[in-house]
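J.:
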Amino acid sequence: MNESNESKTSFFHRWNPAGLQAHPKIATIVLAVILVLCLAFAQIQVFFKSGSAKSREKARENAQTVIREVSQAGLDSLAGRKPILRYYLLETQGQVSGYAVLAISPKIQKDNTLIYDGKYLNYSKREQKFITISYKTANDLSFSYYTKSIYTPKYKWTRRLEYREGFLYEPALQGTSSRLPVKGNFVPPDWLDFFSALSVGKDGFRKEGVLLAVLDFDEQGRAGVTECLVKPGGDIPPEILAAHPHGDPVEVIWQGGQSSQTIYYDSEHQLVWQKDSLPSLEMKTRSVSREQLGQAFPDALEILDQRLRVNEDEVQI
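Counting from 0, one number per residue, gives the positions in the sequence shown under numbering that gives the first Met the number 0.
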């Protein structure tokens with residue numbers, strides 16, 4: 000999952016008032032749909048801001064249950080030990096605006112413990128911006144090392160963090176200011192999609208959903224934590240369902256209620272399709288083949304080899 004604050008034409012500005020007046024039945028339907036959306040948005044705000052403390056706490060407990068089960072059983076019991084390599088095209092306003100690549104490789108350490116070595120790259124064509132992420136996560140979730148870098152023609156920004164024993168650490172800082180306590184619903188950096196997909200299969204969680212906490216950065220670049228509510232459901236395009244018939248749809252609402260996502264995961268708990276919705280923006284992410292990515296961005300495969308050292312050999316490990 001990802002978020003963006005870019006702006007574009009609001010959904011409500013697309014309607015033609017004159018045309019609706021000429022078709023009163025259509026106008027009634029449209030107004031009813033808008034009313035439902037407004038009510039849903041109001042419920043979201045209530046959930047995160049005030050009167051649904053009981054539901055919010057139950058959703059947080061659900062998340063803690065899932066995380067605890069994975070920790071005890073091991074990531075490999077659910078994520079498997081097969082390397083994962085996925086390519087994505089990013090769309091804004093229906094136009095291809097960038098791409099992303101995810102690579103996850105299980106590796107045995109010298110002490111015979113299992114870790115998951117993850118790499119992620121996101122490229123925005125408009126800003127000519129690369130975001131690269133690398134992480135190592137213990138099979139029992141006891142620790143995770145995380146590095147995020149942003150490259151643009153004007154600047155470079157890199158942050159390194161560690162997660163262990165209920166705390167986020169920033170090694171570059173000294174003293175207790177570098178240690179941020181997190182709650183039991185915190186998922187190791189860049190495992191949000193996995194835990195979101197996994198939670199959908201829990202029948203007892205369908206009503207309240209799961210409230211997951213994830214790593215976040217504020218406008219000053221300071222590390223922090225934000226929460227998102229994940230519940231089953233969502234309107235998924237028929238062609239996506241046909242191509243991946245055994246997947247799971249989820250709806251995600253981010254803390255503050257200003258943005259939401261509809262996501263479809265495959266049977267390996269990996270993202271296949273995603274729609275991001277903000278008051279003035281809609282973006283989509285869709286899984287593609289290596290060839291499709293190369294057709295849309297001819298330089299991408301060479302860049303991936305340079306920045307992430309990701310190639311087809313990696314899936315053969």
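Glycine included, each C-beta is placed from N, C-alpha and C at the ideal position.
Can you find the residues in the same chain that come closer than 6 Å, C-beta to C-beta, to residue 296, ignoring five residues on each side of it along the sequence?
T.: Position 297 of the sequence shown, counted from the first residue, corresponds to residue 296. These residues qualify, in order along the chain: 98.
J.: Residue 102 and residue 119: beta carbons closer than 9 Å?
T.: Residue mapping note: residue 102 aligns to position 103 of the sequence shown, counting from 1. Residue mapping note: residue 119 aligns to position 120 of the sequence shown, counting from 1. Yes, these two residues count as a Cβ contact at 9 Å.
J.: Can you find the residues in the same chain that come closer than 6 Å, C-beta to C-beta, to residue 283, ignoring five residues on each side of it along the sequence?
T.: Locating residue 283 in the sequence shown gives position 284, counting from the first residue. Only 90, 274 meet the Cβ criterion.
J.: What is the C-beta distance between residue 255 and residue 229, in whole angstroms, given that I count them as a contact (C-beta under 8 Å)?
T.: The residue given as residue 255 occupies position 256 in the sequence shown. The residue given as residue 229 occupies position 230 in the sequence shown. Not quite, the Cβ-Cβ distance comes to about 16 Å (not below 8 Å), so this is no contact.
J.: If I measure Cβ to Cβ from residue 232 and keep anything under 8 Å in the same chain, skipping five residues before and after, which residues do I get?
T.: Reading the sequence shown from its first residue, position 233 is the one you call residue 232. Once the five neighbours on either side are set aside, the close Cβ partners of residue 232 are 248, 249, 250.
J.: Taking only the alpha-carbon atoms, compute the straight-line gap between residue 215 and residue 191 and give it to the nearest angstrom.
T.: Within the sequence shown, numbered from 1, the residue matching residue 215 stands at position 216. Within the sequence shown, numbered from 1, the residue matching residue 191 stands at position 192. Going by the C-alpha atoms only, they are around 12 Å apart.
J.: Could you have a look at residue 235 and say whether DSSP puts it in helix, strand or coil?
T.: Here the question's residue 235 lines up with position 236 in the sequence shown. Coil at residue 235, not helix or strand.
J.: Taking just the CA atoms, how far does residue 154 sit from residue 272?
T.: Locating residue 272 in the sequence shown gives position 273, counting from the first residue. Locating residue 154 in the sequence shown gives position 155, counting from the first residue. If you take the alpha carbons of residue 272 and residue 154, they lie about 31 Å apart.
J.: For residue 265, count neighbouring Cβ atoms within 10 angstroms of its own Cβ and tell me buried if that reaches 16, exposed if not.
T.: The residue labelled residue 265 in the question sits at position 266 within the sequence shown. With 16 or more Cβ atoms within 10 Å of its Cβ, residue 265 is classed as buried.
J.: Expressed to the nearest angstrom, what Euclidean distance is found between the alpha-carbon atoms of residue 126 and residue 157?
T.: Taking the first residue of the sequence shown as 1, we reach residue 126 at position 127. Taking the first residue of the sequence shown as 1, we reach residue 157 at position 158. Their backbone Cα atoms lie some 18 Å apart in a straight line.
J.: Identify, in the order they occur along the chain, each residue of the same chain with its Cβ nearer than 6 Å to the Cβ of residue 307, setting aside the five sequence neighbours on each side.
T.: Here residue 307 is taken as the residue at index 308 of the sequence shown, counted from 1. These residues qualify, in order along the chain: 118, 120.
J.: Under the assumption that residue 163 contacts residue 171 (Cβ atoms under 8 Å), give the Cβ distance between them as a whole number of angstroms.
T.: By one-based count along the sequence shown, residue 163 stands at place 164. By one-based count along the sequence shown, residue 171 stands at place 172. Actually they are not in contact, since the Cβ atoms of residue 163 and residue 171 sit about 16 Å apart, beyond 8 Å.
J.: Let me make sure I understand the geometry here. Which of 137, 136, 132 has the alpha-carbon closest to that of residue 149?
T.: Taking the first residue of the sequence shown as 1, we reach residue 149 at position 150. Of 137, 136, 132, the residue nearest in Cα terms is 132.
J.: May I have the straight-line CA-CA distance separating residue 252 from residue 205, to the nearest angstrom?
T.: Indexing the sequence shown from 1 puts residue 252 at position 253. Indexing the sequence shown from 1 puts residue 205 at position 206. Answer to the nearest angstrom: the Cα atoms are 15 Å apart.
J.: Straight-line CA distance for residue 112 to residue 223?
T.: Start at 1 with the first residue of the sequence shown, and residue 112 comes out as number 113. Start at 1 with the first residue of the sequence shown, and residue 223 comes out as number 224. Answer to the nearest angstrom: the Cα atoms are 29 Å apart.
J.: How long is the line joining the alpha carbons of residue 57 and residue 287, rounded to whole angstroms?
T.: For the purposes of this step, residue 57 is taken as residue 58 along the sequence shown, with counting starting at 1. For the purposes of this step, residue 287 is taken as residue 288 along the sequence shown, with counting starting at 1. Their backbone Cα atoms lie some 37 Å apart in a straight line.
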